[in-house]
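2 protein chains.
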Amino acid sequence: MALGEFSLIDRYFKKKPPAQVIGVGDDAAVLPWANQGSLVVCKDLLIQGRHFFSDVAPDALGHKALAVNLSDLAAMGARPIGCLLGLALPSVDEPWLEKFASGFLALAHAHGSPLVGGDTVATNDGLVISVTALGYLPDAQPGLLRRGACVDDRLWVSGYLGAADLALKILQGNLVDEQGVLPQIRQSLEWPEPRVSLGQRLLGVAHAAIDISDGLVQDLGHLLDQSGVGAVLEIARLPAHPSLAKLSPDMVQQAMLGGGDVYELCFTAPASKDAEVLAIGLALDLPLTCIGYITAERQLMGRYPNGQHRILSQKGFDHFAGDRS
Amino acid sequence: MALGEFSLIDRYFKKKPPAQVIGVGDDAAVLPWANQGSLVVCKDLLIQGRHFFSDVAPDALGHKALAVNLSDLAAMGARPIGCLLGLALPSVDEPWLEKFASGFLALAHAHGSPLVGGDTVATNDGLVISVTALGYLPDAQPGLLRRGACVDDRLWVSGYLGAADLALKILQGNLVDEQGVLPQIRQSLEWPEPRVSLGQRLLGVAHAAIDISDGLVQDLGHLLDQSGVGAVLEIARLPAHPSLAKLSPDMVQQAMLGGGDVYELCFTAPASKDAEVLAIGLALDLPLTCIGYITAERQLMGRYPNGQHRILSQKGFDHFAGDRS
């Protein structure tokens with residue numbers, strides 16, 4: 000959910016929800032379930048020509064349509080329990096549908112999230128994919144909210160950054176792939192892995208979390224705004240995708256800071272949890288990198304290798320004008 | 000969900016869900032929640048030009064987008080607990096959005112179903128509305144399934160029939176409104192009332208239920224197929240909308256049998272529950288009409304006032320070729 004959408008929803012739809020419902024404006028909503036944990040639910044729309052190319056491989060598209068929603072559950076620390084799929088189809092192309100379903104269902108199966116319902120309709124316009132993901136949070140857990148970051152928390156990010164954005168630019172024809180890296184990086188764009196296990200393990204460890212699907216600076220900005228804090232980002236520590244080593248460092252840095260379509264988690268945890276965080280990374284065989292720390296000053300400050308500091312975003316900023324979704 | 004869609008979903012998406020998940024292919028899915036009731040969830044896509052006119056009043060559209068989903072919850076006997084809204088918008092028309100939101104939120108509020116999340120994206124194509132409704136079923140209730148009908152059950156329908164279909168035909172220019180009934184019947188099309196209270200009261204009373212949004216014959220056909228039974232429909236007992244009295248009886252009969260966009264419940268109950276059913280109707284000030292009975296022979300037979308019988312649909316038939324959604 001990007002910021003422009005946010006304000007529309009705020010203005011017209013955000014009537015005060017009941018006090019027990021958490022997370023309107025978070026990655027997903029949390030509805031406490033009697034005395035038995037909470038239901039976590041989120042929904043994303045994907046539009047042809049806007050969120051995916053019309054010629055994208057259908058199995059990859061099926062995978063990604065679910066992955067972006069499981070990533071929202073992951074950012075709340077929820078365990079997936081099921082999903083629903085709405086498809087508006089311009090035509091019934093059975094081989095396409097079969098591959099789309101195989102990509103979708105394989106990921107659903109891998110995460111114990113069976114497809115339990117949905118709707119398929121014909122459209123005269125482009126393909127629309129609407130996915131709802133349902134998750135479970137155990138008792139007495141508010142989940143991983145955006146609003147829990149504390150001053151002096153460490154700032155962490157999972158996985159590697161920069162690959163999806165540069166793959167997109169190459170595929171769009173906006174960047175010439177002189178180094179021939181596309182085969183190594185397009186997986187990040189087309190087959191993102193939602194960090195579902197990580198999210199659940201961070202319950203009780205992290206103070207706040209968000210997935211950075213709209214880009215690190217923009218989504219971290221949401222987390223900071225909602226927590227009422229700021230952060231210093233150590234630019235030299237950002238974990239670039241290994242296949243980007245030969246590319247211009249400036250271009251890679253820009254992709255890591257601003258590039259979207261990244262289904263990694265950015266989270267904060269107190270320094271007392273360092274060992275636990277690192278152990279989780281080892282257990283999951285997933286790099287977890289400390290990229291900065293939380294400050295009281297309500298801005299996101301980048302600290303560059305040359306000692307320079309630069310404000311990357313400030314409270315209330317529309318963090319990135321180039322809204323991707 | 001109409002039959003053509005059904006078979007697509009069957010073919011490509013209906014991997015065997017876990018045994019505890021009920022209702023793939025029912026009005027909504029039922030996911031048992033630990034020892035604390037069940038989560039009921041459904042999802043509908045509405046496409047401009049297919050499910051609504053581009054010039055429909057935005058508050059009515061907001062109402063209806065949620066109503067069709069609450070109707071699916073009602074058909075399961077579930078109590079609404081929340082909803083999500085996905086909007087793909089061709090443009091940001093703020094007065095339109097404000098009215099759409101007011102219609103949507105008023106119905107959400109009336110049924111205790113707060114809007115807890117969603118997604119808003121821009122599209123170059125027509126408006127797409129995707130709603131997910133969440134509901135609760137109390138302990139030890141499988142809910143009202145399509146598959147529970149028993150031979151000799153009475154067949155009931157709520158409310159009145161025929162109005163929405165004829166209003167649609169008049170608005171489409173396919174029927175001349177010689178009697179000037181449109182003002183009395185367009186409410187049924189544009190502001191349908193989901194039978195949420197009725198559904199909950201039918202728990203423990205009805206054996207099977209379905210909403211007849213795709214038309215009585217088609218949706219009753221699903222219920223009969225899934226229950227492995229047939230029915231006799233007493234055509235003379237079908238409750239025509241009072242404002243249709245002056246229209247040709249044949250036309251009204253056709254609208255009552257085949258017309259879609261009807262958010263009434265069709266349900267079956269043993270004769271021993273007659274008094275309870277009638278008392279529920281009185282308590283809700285909602286006509287509940289006995290329109291036939293369940294048979295062992297797997298076909299839907301219409302019994303006409305002149306004594307004629309006619310088969311309206313048979314097991315395995317694609318009940319109506321004119322798939323409306």
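Going down the list, the sequences are from chains A and B. Here numbering that gives the first Met the number 0 is used: the first residue of the first sequence is 0, the next is one more, and so on. Here numbering that gives the first Met the number 0 is used: the first residue of the second sequence is 0, the next is one more, and so on. Think of the CB as a built atom: it goes at the ideal place given N, C-alpha and C, for glycine as much as any other residue. Predicted, not measured: the structure shown is a model, and the values here were computed from it.
Residue-level contact check: D118(A) touches chain B, since one or more beta carbons of chain B fall below 8 Å from its beta carbon. Excluding the 5 residues flanking it on each side, R236(B) has same chain C-beta neighbours closer than 8 Å at T288, C289, I290 and G291, in chain order. Contact check for S112(A) and G81(A): beta-carbon distance about 6 Å, within the 8 Å limit, so the pair qualifies. DSSP links A268(A) through a beta bridge to R153(A). Residue contact check for F52(A) against chain B: no CB pair falls below 8 Å. Counting along the chain, no alpha helix (DSSP H) covers V204(A), and no H or E run does either.
Per the C-alpha coordinates, the member of P57(A), S101(A), L45(A) and A56(A) positioned closest to G85(A) is L45(A).
Taking V180(B) as reference, the option from A166(B), E192(B) and V216(B) with the minimal CA-CA separation is A166(B). For P79(B), the uninterrupted beta strand (DSSP E) segment begins and ends at R78 to L88. Taken atom to atom, the span from the alpha-carbon of G158(A) to that of L160(B) is near 57 Å. Beta-carbon to beta-carbon, G198(A) and A74(A) are separated by about 6 Å, close enough to satisfy the 8 Å threshold.
Interface residue (Cβ-Cβ distance to chain A less than 8 Å): Y262(B) is not classified as such. Residues of the segment 28–52 of chain B with a C-beta atom less than 9 Å from some C-beta of chain A are A28, V29, L30, W32, A33, N34, Q35, G36, L38, V40, C41, K42, D43, L44, L45, I46, Q47, G48, R49 and H50, listed in chain order. Taking a C-beta cut-off of 9 Å against chain A, the contacting residues of the segment 86–111 of chain B are L86, A87, L88, V91, E93, L96, E97, F99, A100, S101, F103, L104, A107, H108 and G111, listed in chain order.
For L202(A) and L154(A), the gap between their C-alpha atoms comes out near 16 Å. Neighbours of Y159(A) in chain B, taken as residues at a C-beta separation under 7 Å, are lacking, since the least C-beta distance is about 26 Å. Annotation: G229(A) to F266(A) spans about 13 Å, alpha carbon to alpha carbon.
Residues of chain A with a Cβ closer than 8 Å to the Cβ of L133(B) are, in chain order, L30, L38 and V40. By the neighbour-count criterion, in which a residue is buried when 16 or more other Cβ atoms sit within 10 angstroms of its Cβ, G172(B) is exposed.
Residues of chain A whose Cβ lies closer than 7 Å to the Cβ of N123(B) are, in chain order, G48. Assignment of A56(B) by DSSP, reduced to helix, strand and coil, places it in the coil class.
For the segment 223–235 of chain A, the set of positions with a beta-carbon nearer than 7 Å to some beta-carbon of chain B is empty. With 16 or more other Cβ atoms from the protein chains shown falling within 10 Å of its own Cβ, L69(A) counts as buried.
Rounded to the nearest angstrom, the Cβ distance from A27(A) to A77(A) is 7 Å, consistent with a contact under 8 Å. Taking C-beta separations shorter than 7 Å and ignoring five residues to either side along the sequence, the partners of A268(B) in its chain run D152, R153, W155, V204, A205, H206 and V276, following chain order. About 7 Å separates the beta carbons of A87(B) and L126(B), which is inside the 8 Å limit, making them a contact pair.
As the crow flies, the alpha-carbon of L283(A) is around 13 Å from that of E192(A). One thing to note: G116(B) has its Cβ within 8 Å of the Cβ of L83(B). Apart from sequence neighbours up to five positions away, no residue of its chain approaches A274(A) with a beta-carbon distance below 8 Å. For V251(B), there are no neighbours in chain A by C-beta distance under 8 Å, as the nearest C-beta there is about 28 Å away. H50(A) carries a coil assignment under DSSP once its states are collapsed to helix, strand and coil. Residue pairing from DSSP places P31(B) in a beta bridge opposite S37(B). I211(B) places its beta carbon 8 Å or farther from that of G301(B). A distance below 8 Å separates the beta carbons of G220(A) and L299(A). At a cut-off of 8 Å between beta-carbon atoms, L69(B) makes no contact with chain A. Distance from the CA atom of L96(B) to the CA atom of D54(B), rounded to whole angstroms, is 13 Å.
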